[in-house]
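Chemist: If you scroll down you'll find the structure; I have some questions about it.
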Amino acid sequence: MPRRKRNAGSSSEGTEDSDFSAEHTDSSESDVHTVRNTRLTRSSLRLSRNSQDIKQSADHDESPPRTPTGNAPSSESDIDMSSPNVSHDESLAKELSLKESGLAHRPKRRRFHESYNFNMKCPTPGCNSLGHLTGKHERHFSISGCPLYHNLSADECKVKASSRDKHVEERTLSQRQDENRHSARQQAQTERQLRYKEKVTEMRRKRNSAPFKEQKDKYTEHKQTHGSSHEPLLENITSDYDLELFRKAQACATDDLEKLRLQGQVTEGGNMIKTIVFGRYELDTWYHSPYPEEYARLGRLYMCEFCLKYMKSQTILRRHMAKCVWKHPPGDEIYRKGVISVFEVDGKKNKIYCQNLCLLAKLFLDHKTLYYDVEPFLFYVMTEVDNTGCHLVGYFSKEKNSFLNYNVSCILTMPQYMRQGYGKMLIDFSYLLSKVEEKVGSPERPLSDLGLISYRSYWKEVLLRYLNNFQGKEISIKEISQETAVNPVDIVSTLQSLQMLKYWKGKHLILKRQDLIDDWKTKETKRGSNKTIDPTALKWSPPKGT
2 MPRRKRNAGS SSEGTEDSDF SAEHTDSSES DVHTVRNTRL TRSSLRLSRN
52 SQDIKQSADH DESPPRTPTG NAPSSESDID MSSPNVSHDE SLAKELSLKE
102 SGLAHRPKRR RFHESYNFNM KCPTPGCNSL GHLTGKHERH FSISGCPLYH
152 NLSADECKVK ASSRDKHVEE RTLSQRQDEN RHSARQQAQT ERQLRYKEKV
202 TEMRRKRNSA PFKEQKDKYT EHKQTHGSSH EPLLENITSD YDLELFRKAQ
252 ACATDDLEKL RLQGQVTEGG NMIKTIVFGR YELDTWYHSP YPEEYARLGR
302 LYMCEFCLKY MKSQTILRRH MAKCVWKHPP GDEIYRKGVI SVFEVDGKKN
352 KIYCQNLCLL AKLFLDHKTL YYDVEPFLFY VMTEVDNTGC HLVGYFSKEK
402 NSFLNYNVSC ILTMPQYMRQ GYGKMLIDFS YLLSKVEEKV GSPERPLSDL
452 GLISYRSYWK EVLLRYLNNF QGKEISIKEI SQETAVNPVD IVSTLQSLQM
502 LKYWKGKHLI LKRQDLIDDW KTKETKRGSN KTIDPTALKW SPPKGT
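Quick note on the working numbering: the sequence shown kicks off at 2 and runs consecutively.
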């Protein structure tokens, strides 16, 4: 008597189910041969199964035992061409043919092209961009994920990653066991936690203490060999346990950055210029600057401090410096006193230099939008002179024809010269030019955060100096503006911030606060007169017909 047929939901389309059902089939080879000759289509086979299930459901009250796959054992008629047990020789021949054609058991291809740009390279010298600090990725393109920078190899990173994963699994399992044993409110330290605490204390106590001289020589040799291209040696600085914690934190932070990059939140070439080598300084950048992509993806740029040309490597920079004939900015030197010189550069005559200057400034300015359209502007570049040339200190730009009388469009002091008084010198020089033009000037808005602080400090000093020297009884905002070339709006805002402007009996009064003036005089005496602009050293006349 034939067995009950399997449900329609467990057809022979899945090879795994059909393999298992074939093992429980007691049919003879003749039956298999007969069924194979029928060559039923899938649709006709399903219809026949459904009809037979309906007929046999009335004859059988008890359901047959289920197989481990969840399906009832199949009968002889369930076997079709999709089952590999139909003919063992034929199935072997089919597998061999698939292997020869390369269609079966093909290894899964690594889809690097979806998340990696192979044109990018790791900025670490000598690195081939293979491996990752987390041990979970095959490639890297930043210093944070570079094993070579962290004095490791790609295989060592993978071993550390597997050990970290194992430790996380063990810790998770132990935490679950502790949660089951103790309540959340009255949970004391378990024996395992106490043993671990003692172990950590003992590991920190057994810090390797190598001879100080040998350790210092080793660190010095490593620094001389690799410089800033590799991470300093961290061994013996602290205990092995704390060093391993630091490595774990590094790997976690790098993994988070990699996830953000794959999600598109950190774009390739977005803000990848992290440092620039500028003269004898290495400067960390603050903001994104639209350098060409082939340079932006490097992470570090090398610049000539005289012509501002940017390069990809130290070797190219060294060759360029051997041939570069520039020792000062192009244009006319309009101011010189001591070691300070100021050059006037026309954006129309020296377009490449001014564009490079704007790209450099954007690395340290947030609101700057002028990059390539430099022809309508004049650039006033302040330099510090020594026997090697004129080194860039800062600059400001202004429109050749400003309808709103802006005397500054963009102003920047290089980071290595900040907090030394050069910013106020640049501002003072811009107002000196406005005085020569017999105009009242004001900086173009919006100002950056540092620019706003510098301007407010400068306006405060100008007003306190004017009030200190003023001997009359009546004073007006207009007179102050004409004398200092500061816009009346800026004067009023500064007086209000100093609480020196009052409204009394229908009139605005300027209060001469002697305490503020005394504080200013004290600071002025300590500062000296080295970082001030001398109007007599200016050799300049307003440009005409520009």
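We treat Cβ as the ideally placed atom computed from N, Cα and C, and that holds for glycine.
Do Ile-335 and Met-383 count as a contact pair if the criterion is CB distance below 8 angstroms?
Modeler: In the sequence shown, counting from the first residue as 1, residue 383 sits at position 382. In the sequence shown, counting from the first residue as 1, residue 335 sits at position 334. Not a contact, by the Cβ cut-off of 8 angstroms.
Chemist: Candidates Ala-297, His-151, Ile-476: which alpha carbon is nearest Phe-247's?
Modeler: Looking up residue 247 in the sequence shown gives position 246. Ranking the options by Cα distance to Phe-247, first place goes to His-151.
Chemist: Let me know if Phe-393 comes out buried or exposed under the rule of 16 or more other beta-carbons within 10 Å of its beta-carbon.
Modeler: Position 392 of the sequence shown holds residue 393. With the sequence shown as reference, residue 393 is identified as Leu, and Phe is not the correct amino acid for it. With 16 or more Cβ atoms within 10 Å of its Cβ, Leu-393 is classed as buried.
Chemist: What's the C-alpha gap between Pro-489 and Leu-413?
Modeler: The residue labelled residue 489 in the question sits at position 488 within the sequence shown. The residue labelled residue 413 in the question sits at position 412 within the sequence shown. Going from the Cα of Pro-489 to the Cα of Leu-413 covers about 24 angstroms.
Chemist: Can you give the beta carbon distance from Leu-379 to Asp-347, rounded, assuming they're within the 8 angstroms contact cut?
Modeler: Counting from 1 along the sequence shown, the entry for residue 379 is found at position 378. Counting from 1 along the sequence shown, the entry for residue 347 is found at position 346. Between Asp-347 and Leu-379 the Cβ distance is about 6 angstroms, and since that is below 8 angstroms, they are a contact.
Chemist: Taking the runs of the alpha helix (DSSP H) that are 4 residues or longer, which of them lie wholly in the segment 344-394?
Modeler: Counting only runs of 4 or more, we get 352-363.
Chemist: Going by the beta-carbon positions, is the gap between Ala-162 and Gly-136 smaller than 8 angstroms?
Modeler: For this step, residue 162 is matched to residue 161 along the sequence shown. For this step, residue 136 is matched to residue 135 along the sequence shown. Going by C-beta atoms, Ala-162 is nearer than 8 angstroms to Gly-136.
Chemist: Going by DSSP, name the residue or residues bridged to Leu-131.
Modeler: For the purposes of this step, residue 131 is taken as residue 130 along the sequence shown, with counting starting at 1. Leu-131 is bridged to Arg-140.
Chemist: Spatial neighbours of Leu-539 within its chain, please: C-beta separation below 6 angstroms, excluding the five flanking residues on both sides.
Modeler: Taking the sequence shown and counting its residues from 1, one reaches residue 539 at position 538. For Leu-539, where only same-chain residues beyond five positions count, the Cβ hits under 6 angstroms are Tyr-336.
Chemist: Tell me whether Arg-301 sits in a helix, a strand or coil according to DSSP, three-state version.
Modeler: One-based indexing of the sequence shown puts residue 301 at position 300. In this structure, Arg-301 counts as strand in the three-state DSSP scheme.
Chemist: Name the two residues that bound the continuous alpha helix (DSSP H) containing Thr-276.
Modeler: Locating residue 276 in the sequence shown gives position 275, where the first residue counts as 1. No alpha helix (DSSP H) holds Thr-276; the beta strand (DSSP E) holding it covers 276-279.
Chemist: Where do the N-terminal and C-terminal ends of the alpha helix (DSSP H) with Trp-521 fall, by residue?
Modeler: Counting from 1 along the sequence shown, the entry for residue 521 is found at position 520. That run of the alpha helix (DSSP H) goes 515-528.
Chemist: Per DSSP, which one or two residues make a beta bridge with His-329?
Modeler: Within the sequence shown, numbered from 1, the residue matching residue 329 stands at position 328. DSSP output for His-329 lists no bridge partner at all.
Chemist: Nearest-angstrom Cα distance between Ala-252 and Thr-526?
Modeler: The residue given as residue 252 occupies position 251 in the sequence shown. The residue given as residue 526 occupies position 525 in the sequence shown. Ala-252 and Thr-526: Cα-Cα distance of roughly 52 angstroms.
Chemist: Using 8 angstroms as the threshold, is the C-beta distance between Ile-274 and Leu-302 below it?
Modeler: Numbered from its first residue, the sequence shown carries residue 274 at position 273. Numbered from its first residue, the sequence shown carries residue 302 at position 301. A contact, by the Cβ cut-off of 8 angstroms.
Chemist: From the DSSP output, in three-state form, read off Tyr-288 for me.
Modeler: Your numbering for residue 288 matches position 287 in the sequence shown. Coil, per DSSP.
Chemist: Taking only three categories from DSSP, how would you classify Ile-412?
Modeler: Here residue 412 corresponds to residue number 411 of the sequence shown, with the count starting at 1. It is a strand residue.
Chemist: Counting pairs of beta carbons, one from the segment 437-447 and one from the segment 393-407, are three or more of them closer than 8 angstroms?
Modeler: Judged by Cβ distances under 8 angstroms, the segment 437-447 makes contact with the segment 393-407, as three or more pairs qualify.
Chemist: Measuring CA to CA, which of Asp-450, Val-487, Tyr-423, Ile-476 is closest to Asn-406?
Modeler: For the purposes of this step, residue 406 is identified with residue 405 of the sequence shown, where counting begins at 1. Ranking the options by Cα distance to Asn-406, first place goes to Val-487.
Chemist: Just tell me which of Gly-473, Cys-391, Pro-544 has its CA closest to the CA of Ser-435.
Modeler: Within the sequence shown, numbered from 1, the residue matching residue 435 stands at position 434. When only C-alpha atoms are compared, the closest one is Pro-544.
Chemist: For Ile-511, list the residues DSSP reports as bridge partners.
Modeler: The residue you call residue 511 lines up with position 510 of the sequence shown. Leu-502, per the DSSP bridge assignment.
Chemist: Considering only DSSP beta bridges, list what Ser-342 is partnered with.
Modeler: The residue given as residue 342 occupies position 341 in the sequence shown. Note: Ser-342 sits in a beta bridge opposite Arg-337, Thr-384.
Chemist: Would DSSP call Met-322 helix, strand or coil?
Modeler: As a first step, residue 322 must be located in the sequence shown, where it is residue number 321. Helix, per DSSP.
Chemist: Could you please give the first and the last residue of the uninterrupted alpha helix (DSSP H) stretch that includes Phe-430?
Modeler: Position 429 of the sequence shown, counting from 1, holds the residue named residue 430. Residues 423-438.
Chemist: State the beta-bridge partners of Tyr-311 as determined by DSSP.
Modeler: The residue given as residue 311 occupies position 310 in the sequence shown. In DSSP, Tyr-311 forms a bridge with Met-304.
Chemist: Ordered along the chain, which non-local residues of its own chain (more than five positions away) have a Cβ less than 6 angstroms from that of Pro-69?
Modeler: The residue you call residue 69 lines up with position 68 of the sequence shown. Summary for Pro-69: the model assigns pLDDT 37, below 50, so the residue's position carries little reliability; its value from the coordinates is reported in the next sentence. Excluding residues within five positions, none has a Cβ falling inside 6 angstroms.
Chemist: Could you check whether Tyr-311 and Tyr-288 sit closer than 8 angstroms to each other, using their CB atoms as the reference points?
Modeler: Residue mapping note: residue 288 aligns to position 287 of the sequence shown, counting from 1. Residue mapping note: residue 311 aligns to position 310 of the sequence shown, counting from 1. It is not a contact, given that the beta carbons lie outside the stated cut-off.
Chemist: Quick one: Cα of Met-322 to Cα of Ser-230, how far?
Modeler: Start at 1 with the first residue of the sequence shown, and residue 322 comes out as number 321. Start at 1 with the first residue of the sequence shown, and residue 230 comes out as number 229. Answer to the nearest angstrom: the Cα atoms are 21 angstroms apart.
Chemist: Assuming Pro-233 contacts Tyr-220 under a Cβ cut-off of 8 angstroms, what Cβ separation, rounded to an integer in Å, is found between them?
Modeler: Here residue 233 corresponds to residue number 232 of the sequence shown, with the count starting at 1. Here residue 220 corresponds to residue number 219 of the sequence shown, with the count starting at 1. Going by Cβ atoms, the distance from Pro-233 to Tyr-220 rounds to 7 angstroms, so yes, they are a contact pair.
Chemist: Can you tell me whether Ala-254 is buried or exposed, with buried defined as 16 or more other CB within 10 angstroms of its CB?
Modeler: The residue labelled residue 254 in the question sits at position 253 within the sequence shown. Classification for Ala-254: exposed.
Chemist: Using only alpha-carbon positions, find the residue among Thr-286, Ile-144, Arg-281, Glu-345 that is nearest to Asp-256.
Modeler: The residue given as residue 256 occupies position 255 in the sequence shown. For Asp-256, the nearest C-alpha among the options comes from Ile-144.
Chemist: Closest to Asn-237 by C-alpha separation, out of Thr-523, Met-426, Cys-305, Met-204, would be which residue?
Modeler: Stepping through the sequence shown from its first residue, residue 237 is reached at position 236. The candidate whose alpha carbon is nearest that of Asn-237 is Met-204.
Chemist: Which value, in whole angstroms, describes the spacing of the CA atoms of Glu-376 and Pro-416?
Modeler: Taking the first residue of the sequence shown as 1, we reach residue 376 at position 375. Taking the first residue of the sequence shown as 1, we reach residue 416 at position 415. If I take the Cα positions, the gap works out to 26 angstroms.
Chemist: Where does Arg-298 land, buried or exposed, given buried means 16+ other C-beta within 10 angstroms?
Modeler: Residue 298 sits at position 297 when you count from the first residue of the sequence shown. Its Cβ being crowded by 16 or more others within 10 Å, Arg-298 is buried.
Chemist: Could you give the first and the last residue of the continuous alpha helix (DSSP H) run that contains Ser-458?
Modeler: On the sequence shown, residue 458 is found 457 positions in, with the first residue counted as 1. Its alpha helix (DSSP H) spans residues 450-470.
Chemist: What is the DSSP secondary structure of Glu-400, reduced to helix, strand or coil?
Modeler: Counting from 1 along the sequence shown, the entry for residue 400 is found at position 399. DSSP places Glu-400 in strand when its eight states are reduced to three.
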